[in-house]
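Numbering that gives the first Met the number 0 puts the first residue of the sequence shown at 0, with every later residue one more than the last. Using N, Cα and C, we set each Cβ at its ideal position, and we do this for glycine too. Since this is a predicted model, take the numbers as computed values, not measurements. Below you'll find the structure, written out as C-alpha cells, and then a few comments.
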Amino acid sequence: MATEAARWSLRHRLVGLLLAATTALWLLSALTIYWDAERESQELFDQTLQETARLLLVLSEHELEERAAGPTDPAFDSGTDPEPHYRSFQIWNDRGHLLYRSSTAPLTPLQPAASEGFGWARAQGTLARTYVAWSPARRLQIQIAEPMPHRSEIGRQMAGRLALFALTFLPLLGGLVWWLTRRALNPILTTAQAVAARSPDELAAVESADAPNELAPLIAALNRLLQRTRDTLARERRFTADASHELRTPLAAIRTNVQVMLRARNPAEAAEAGQDLLASVDRSARLIDQLLGLARIDASPEGNQVRFAPIDMGRLLAAQAAAHAGAAQRKHLALSVDAATAPICGAEEELTILLRNLIDNAIRYTPAGGRVVLSCRTLDGGGQLTVADSGVGISKEARARIFERFYRVPGSAAPGSGLGLSIAQRIVELHGARIEVGEGLDGRGTRFVITFPRAPGGTAGAAGSSAAAT
Ligand code: ADP
C-alpha cells in the first residue's frame, strides 16, 4: 500500500510542468508587453504635453499682444479654458509675474523658473508630469502639469485586458495540455491494458508495432522475459513428461516382481522374486533421487541457492572412492585413487552428486575384471578431476548426446535413467567448470575430465561452462 501511495503519475507531472512553463512564459511576455506599451505611451504623453505647451505659449503671446495693456487678471476664465480639466498650466513673464493660469493651476510656480523641459511635481494633490518652456524671445514661460493617474489609466486598462485574457485562455490551455498529454501517453496505457488482459498462460510476445520509440526498450525487455518464461515452461513440461514416462518403467517392474512373488510355488522362488523386487525398488529410489537432484539444481539456475565454499576436491574424491569400494569389489573391478590435495571453490553437496554419478557409471559400464582409476590434482590454480575406466566405452557419435536429459546409449547393458550425466553437466556449469569425455584406460573405456577454474575469492560463477566430446 505504501508503494501505491508513493507512486506518481507521468501524466500529472507532464501536465504540471507544461502548465507551469506555459504560465511562466506567458507572465514574462505579458510583463514585457506591458512595460513596453507603458514606456511608449509615456513617450507619447510627453510629446502631446510638449506640443500643447508650445501651442498655449503661442496663444498666450497672441493674447498678450492683443491686450497690450499689461498684466490683468492672472486667471483664465474657466469657461474659456483651452485645456481639458486634467491638465493645468501657468504663463509667467520674464519678471516672474503670473500672467495666465488654468482654473485648476495653483498660484505658485509648478517648477522653479530656472528649470526647463520635463520634470515631476505635486499638483492637485497628486504626482504630475510637468513641462517648462520659454517663448522664442524668452518673454513668456509656460509651466504645464498632467496628473499621473490620468496617464496610468491606459496602463491599467491594458493590464486588465491581459488579466482577462489569462483568466479566459489559461484554463483552456490547461484543458488542451491535459487532453494532448493523455493522447500522447495513450500507447503506454494501451500496452499496459493489453498485458494486463492476458491470461497467465498467454506468453506470446507483446506487439510493439504501434508503440513509440521510447517504449520499445521496455517492450523488448518484456518480450525477452516472456521468451525466457516460455523456454522454462517448455523445458519443465518436457521434463515432467519424460520423468513420468521414466517412472512408469520401474513401477511396472515392481508390479511384475510382486505378481511373481505372489504366484511363487515355493520359498526359493519367492526369495528370488523378492531379490528382483528389491533391485527394482533400488532402481526407482535412484531415479527419484536423481530427479529430485535435477529439480533442486534447476531451481537455482544462477547458482544463487547453491552455497559455494573453499573445498578440497582430493578429500571429496577419496571419500567417494571409499563409498564405492564395496560396489567395485562386488564386480571384481580394480578401483584405484590418486587424490592429491586440490583446493577449489565449490558446493560440497553438488560436487558429491557429480562424483557419485561419474564413479557409479564407471563401475556400472565396466565389465568384471576391468579397472577404474580416479584422480585429481591442482592445475593452473584451479583443479582437475579425472574418472577413467576400461569399460564398454562410448562411441564418438553417442558422446555428443550423452549429456542430454534421459538420453541413454542404445543397447546400454546396465539399467539407468539417462539423467546422471545431465545432472553432472549442470553441476559442472554451476561451478563455471568444463567437462570433457574421451577414451579411457588400456585403449578402451571412457574418461571424463573436469577442469575447475581458478576461484576468484569466495564463489565460483556459472559462466563459461561447457561440455566437450573429444
Ligand atoms: P544412465 O547411466 O542412468 O543411463 P547417464 O546420464 O549417467 O544415464 O549416462 C548416459 C549414457 O551414457 C548411458 O546410457 C551410458 O550408455 C553412457 N555412459 C555413461 N557413462 C559411461 C561410462 N563410464 N562408460 C560407458 N558408457 C557410459
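Neighbourhood of residue i by C-beta, 8 Å cutoff - its chain only, sequence neighbours within 5 removed
| i | result |
| --- | --- |
| V14 | G173, V176, W177 and T180 |
| D241 | R404 and F405 |
| M260 | A269, A272, G273 and L276 |
| E115 | V131, A132 and W133 |
Delimiting residues of the beta strand (DSSP E) encompassing residue i
| i | result |
| --- | --- |
| Y130 | T125 to W133 |
| Q142 | L139 to P146 |
| F447 | T445 to F451 |
| N212 | Where N212 is concerned, there is no enclosing beta strand (DSSP E), given that its DSSP letter is neither H nor E. |
| A308 | A308 to D311 |
Own chain partners of residue i with C-beta closer than 6 Å, once the 5 adjacent residues on each side are dropped
| i | result |
| --- | --- |
| E347 | I310 |
Heavy atom of ligand 1 within 7 Å of residue i beta-carbon
| i | result |
| --- | --- |
| I401 | yes |
| R407 | yes |
| S421 | yes |
| V372 | no |
| I393 | yes |
| G369 | no |
| D230 | no |
| L418 | yes |
| R388 | One detail in the question is off: residue 388 reads as Asp in this sequence, not Arg. It does: the Cβ of D388 is within 7 Å (strictly closer) of some heavy atom of ligand 1. |
| S411 | yes |
| T248 | no |
| G415 | yes |
| T445 | yes |
Bridge partners - residue i, DSSP secondary structure assignment
| i | result |
| --- | --- |
| S374 | D337 and T385 |
| R473 | Examination of residue 473 is not possible in this model, given that the chain is present from 0 through 469 alone. |
| I343 | I310 |
| W119 | R128 |
For residue i, the first and last residue of its enclosing alpha helix (DSSP H)
| i | result |
| --- | --- |
| A267 | P266 to D297 |
| Y406 | From DSSP, Y406 is part of no alpha helix (DSSP H); its letter is neither H nor E. |
| W7 | Counting along the chain, W7 falls outside any alpha helix (DSSP H), and DSSP gives it neither H nor E. |
| A423 | G419 to L429 |
| A361 | E347 to R363 |
| A397 | K395 to R398 |
Cβ-Cβ distance between residue i and residue j below 8 Å
| i | j | result |
| --- | --- | --- |
| G439 | G390 | yes |
| F451 | S421 | no |
| T445 | D359 | no |
| A144 | L106 | no |
| Q383 | R355 | no |
| Q274 | L418 | no |
| A90 | L54 | The sequence shown places Ile at residue 90, not Ala. No, these two residues do not count as a Cβ contact at 8 Å. |
| L188 | L246 | no |
| L202 | L217 | no |
| H11 | Y85 | no |
Sequence-distant residues of the same chain with beta carbon closer than 7 Å to residue i, five excluded per side
| i | result |
| --- | --- |
| N222 | A204 and V205 |
| I362 | H323, A326, A327, K330, L332 and V371 |
| A317 | V336 and A338 |
| V257 | L276 |
| L48 | R128, Y130, I143 and E145 |
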